[in-house]
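Peer 1: Structure incoming, see below.
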Amino acid sequence: MAGGTRGATCHVLYTTLTPERLGGFTMLREFFLSRRTARLAWGGALLLVALSVTRAALEAAIVGWYGSFYNTLQSAASAASAPAAAAGRAAVGDGLLRFAAIGAPWAVLAPLGALVRRHFCFGWRMALTEAYVGAWAACALAAPEGASQRVQEDTARFSAGVELLAGKVLDGVLRLYIFLPKLLAFGETFHAPSFVPLGQLMGRAWLLYVAASIACVCWAVSAIIARPLVDLEVSNQRIEAAFRKQLVIDEDAPRDERSGGAKAASGGVAEPIAQLFLLLRRNYRALYCNLLLIEEWLEVSQQFVVIIPFALGSIQMFAAEAEERASLGDLMQLSSVFQSVFEVLSLPASSWADVQEFRSVVRRLCEFELAMPPGSGTNSGVGAVRGQSDDADERLL
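So this note's numbering is basically just the index in the sequence shown, starting at one, shifted up by 1.
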C-alpha cells in the first residue's frame with residue numbers, strides 16, 4: 002500500500018513538473034519522479050547515504066587510532082628498561098591489529114560503495130537517454146545544435162559528473178558532521194598562538210576559524226583563475242560536435258564531394274575540417290593554460306595546508322606547564338582532523354575544474370531540454386525502449 006502511494010505521488014509530480022516548469026531540468030524529473038525509475042533513484046540514494054555514513058564513521062575511528070598509536074610509540078621509545086621496552090613492543094603490535102580490524106571493513110565498503118554509485122549513475126543516464134531520444138525524434142526537423150552529441154555523449158558526461166561530485170559532496174557533509182566537534186574539542190586542548198590574527202577572540206573555535214579562512218582564500222583565488230572554464234568547455238563541445246558532424250557527412254559522401262571538394266593549402270585536408278582544427282587548437286590551448294594555472298594553485302595550497310596544523314599545534318608540546326603539554330598522538334590526531342575539515346571546506350576550490358566541466362554539461366542539457374517540443378520526452382517515442390529495459394533496471398537494487 003505504501004509503495005503504491007509513493008508511486009502515485011511520484012506520478013503526480015512527474016506529470017505536473019513539466020520541462021517548461023522546471024526550466025529545463027528534466028534530468029531530475031526523469032529519474033526521481035518517473036514510476037519506472039523512482040525505486041532505483043530513491044533506493045540507490047538511501048543506500049549511498051548509508052554507505053557514506055559507515056565510511057565516515059570508520060574514518061573517524063582511524064583518526065582516533067592515530068592518537069593512541071602515536072602515544073604508544075612515544076611511550077615505547079622512551080622506555081628506560083628491558084621489561085618496559087618489551088611491553089611497548091607488545092602495545093605497538095596490539096595497535097597494529099586494531100588498525101587491521103578497522104581497515105578491513107573500509108577495504109570492503111569502499112569498492113562496494115563505488116559499485117552502487119556506478120549502477121545508480123548509469124541508471125540515471127539511461128533514464129535521460131530514453132527521454133532525450135523521444136524528444137530528439139519529435140524535433141528531428143529542427144533539432145538544436147549537436148543534438149546527437151547531447152543525447153549520447155553529454156548524458157554519459159553528466160553521469161560521470163554525478164558519480165564524481167555527488168560522492169564528494171555526500172562524503173564531505175558527513176565528514177564535517179563527524180570531525181567538526183573533534184576540531185572544536187582540539188581548540189580547547191591547543192591554545193591559539195599569538196601570531197594567529199583574532200585567534201584569542203575565537204575561543205574553542207579558533208582552529209575552525211583558521212581552516213575556514215584559508216579555505217575562503219582558496220575559493221576566491223580558484224574562482225578568479227577558473228572563471229573562463231565553463232565558456233571554454235561549452236565552446237569546445239560545440240566545436241567537437243561540428244567536427245563530428247562534418248566527418249559523418251564526409252563518410253557518406255562520394256570521395257570527390259567530401260567537404261565540398263575544397264582542400265586546404267597544406268596537407269590536403271578539406272577546408273571546413275581545417276578550420277575546425279584551427280578552432281579546436283585555439284580553444285584547447287586556452288583551456289589547458291587555464292587548467293595549468295588552477296592546478297598549480299591547488300597544489301601549492303594543499304602543500305601549504307599540510308604544515309599548518311603542525312605549525313599551530315607543535316608549540317603546545319613545549320608548554321612550560323607539564324599538564325598543558327600536548328603529546329605526539331594529540332598532534333598527529335589534530336593534523337588528521339584539521340586536514341579532514343579543511344578538505345571539506347575547500348571542496349569547491351579543490352574540485353573547481355570538475356565543477357565547471359559539470360556545469361558546462363548541465364548547461365548544454367538544459368538548452369536541449371528547453372528546445373524539446375511540449376509533450377516530448379519519455380511520454381513519446383521511447384515506450385519500446387523502456388519496455389525492453391524494465392527488468393534489467395529493476396534488478397539493479
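Just so it is clear, CB atoms sit at the ideal spot from N, CA and C, and this is done for glycine as well.
Tell me where the alpha helix (DSSP H) around GLY204 begins and ends.
Peer 2: Counted from its first residue, the sequence shown places residue 204 at position 203. Segment: none, GLY204 is in no alpha helix (DSSP H) and carries neither H nor E.
Peer 1: Could you check where the alpha helix (DSSP H) with THR55 kicks off and where it finishes?
Peer 2: Position 54 of the sequence shown, counted from the first residue, corresponds to residue 55. Counting along the chain, the alpha helix (DSSP H) containing THR55 begins and ends at 39 to 78.
Peer 1: What span of residues does the alpha helix (DSSP H) with SER351 cover, start to end?
Peer 2: Start at 1 with the first residue of the sequence shown, and residue 351 comes out as number 350. Where SER351 is concerned, the enclosing alpha helix (DSSP H) stretches over 348 to 351.
Peer 1: For the ligand SAH, any of its heavy atoms closer than 8 angstroms to the Cβ of MET28?
Peer 2: With respect to the ligand SAH, the structure offers nothing, as it holds no ligand at all.
Peer 1: Residues in its own chain within less than 7 angstroms of ALA354 by CB, not counting five upstream and five downstream?
Peer 2: Taking the sequence shown and counting its residues from 1, the one referred to as residue 354 is at position 353. Around ALA354: ALA227, LEU230, LEU292 and ILE295.
Peer 1: Here's a check: name, in chain order, each residue in its chain whose Cβ is nearer than 6 angstroms to the Cβ of GLN104, leaving out the five neighbours to either side.
Peer 2: Sequence index remark: in the sequence shown, residue 104 carries index 103 (1-based). Looking at the sequence itself, residue 104 is Gly, so the reference to Gln does not match. Within the same chain, GLY104 has no close Cβ partners at all.
Peer 1: Between ALA83 and ASN72, what straight-line distance do the alpha-carbon atoms span, to the nearest angstrom?
Peer 2: By 1-based counting over the sequence shown, the position of residue 83 is 82. By 1-based counting over the sequence shown, the position of residue 72 is 71. Using only the alpha carbons, I get a separation of about 19 angstroms.
Peer 1: Please report how far the alpha carbon of ILE225 lies from the alpha carbon of LEU366, in whole angstroms.
Peer 2: In the sequence shown, residue 225 corresponds to position 224, counting from 1. In the sequence shown, residue 366 corresponds to position 365, counting from 1. One C-alpha to the other measures close to 25 angstroms.
Peer 1: Comparing alpha-carbon positions, which option in TRP107, LEU184, VAL197 and LEU97 lies nearest ARG56?
Peer 2: Position 55 of the sequence shown holds residue 56. The shortest C-alpha separation from ARG56 is found at TRP107.
Peer 1: Return the residue from the list VAL363, SER361, GLU344 and PHE369 that minimises the CA-CA distance to VAL170.
Peer 2: Along the sequence shown, one-based indexing puts residue 170 at 169. That would be GLU344, whose Cα lies nearest to the Cα of VAL170.
Peer 1: Give the C-beta separation of ARG99 and TRP66 to the nearest angstrom, bearing in mind that I take them to be a contact with Cβ-Cβ under 8 angstroms.
Peer 2: Counting from one through the sequence shown, the residue named residue 99 turns up at place 98. Counting from one through the sequence shown, the residue named residue 66 turns up at place 65. ARG99 to TRP66, Cβ: 6 angstroms. Contact.
Peer 1: State the DSSP-derived secondary structure class of GLU300, mapped to helix, strand or coil.
Peer 2: The residue you call residue 300 lines up with position 299 of the sequence shown. Helix, per DSSP.
Peer 1: Under DSSP, the alpha helix (DSSP H) around GLU189 begins and ends at which residues?
Peer 2: Counting from one through the sequence shown, the residue named residue 189 turns up at place 188. Here the alpha helix (DSSP H) through GLU189 covers 156 to 190.
Peer 1: Looking at GLY162 and GLU358, is the spacing between their C-beta atoms short of 9 angstroms?
Peer 2: Here residue 358 is taken as the residue at index 357 of the sequence shown, counted from 1. Here residue 162 is taken as the residue at index 161 of the sequence shown, counted from 1. The answer is yes: Cβ separation under 9 angstroms.
Peer 1: Tell me whether GLU322 sits in a helix, a strand or coil according to DSSP, three-state version.
Peer 2: Walking along the sequence shown from the start, residue 322 turns up at place 321. Of the three classes helix, strand and coil, the one that applies to GLU322 here is coil, per DSSP.
Peer 1: Are the beta-carbon atoms belonging to ALA212 and PHE319 less than 9 angstroms from one another?
Peer 2: Mapped onto the sequence shown, residue 212 falls at position 211. Mapped onto the sequence shown, residue 319 falls at position 318. No, these two residues do not count as a Cβ contact at 9 angstroms.
Peer 1: Establish whether the CB of LEU208 and some CB of chain D are separated by less than 9 angstroms.
Peer 2: The structure shown has no chain D; it contains just one protein chain.
Peer 1: For LEU166 versus GLU234, is the C-beta distance shorter than 9 angstroms?
Peer 2: For the purposes of this step, residue 166 is identified with residue 165 of the sequence shown, where counting begins at 1. For the purposes of this step, residue 234 is identified with residue 233 of the sequence shown, where counting begins at 1. Not closer than 9 angstroms, so no.
Peer 1: Residues in the same chain with beta-carbon distance under 6 angstroms from MET203, minus the five sequence neighbours each way, listed in chain order, please.
Peer 2: In the sequence shown, residue 203 corresponds to position 202, counting from 1. Cβ within range, chain order: TYR210.
Peer 1: To the nearest angstrom, report how far apart ASP155 and ALA128 are at their CA atoms.
Peer 2: In the sequence shown, residue 155 corresponds to position 154, counting from 1. In the sequence shown, residue 128 corresponds to position 127, counting from 1. ASP155 and ALA128: Cα-Cα distance of roughly 13 angstroms.
Peer 1: Kindly indicate which three-state DSSP category VAL197 falls into: helix, strand or coil?
Peer 2: Counted from its first residue, the sequence shown places residue 197 at position 196. VAL197 falls in the coil class under three-state DSSP.
Peer 1: Compare the Cα-Cα distances from PHE159 to each of LEU371, ALA372 and ARG364 and report the closest residue.
Peer 2: In the sequence shown, counting from the first residue as 1, residue 159 sits at position 158. The candidate whose alpha carbon is nearest that of PHE159 is ARG364.
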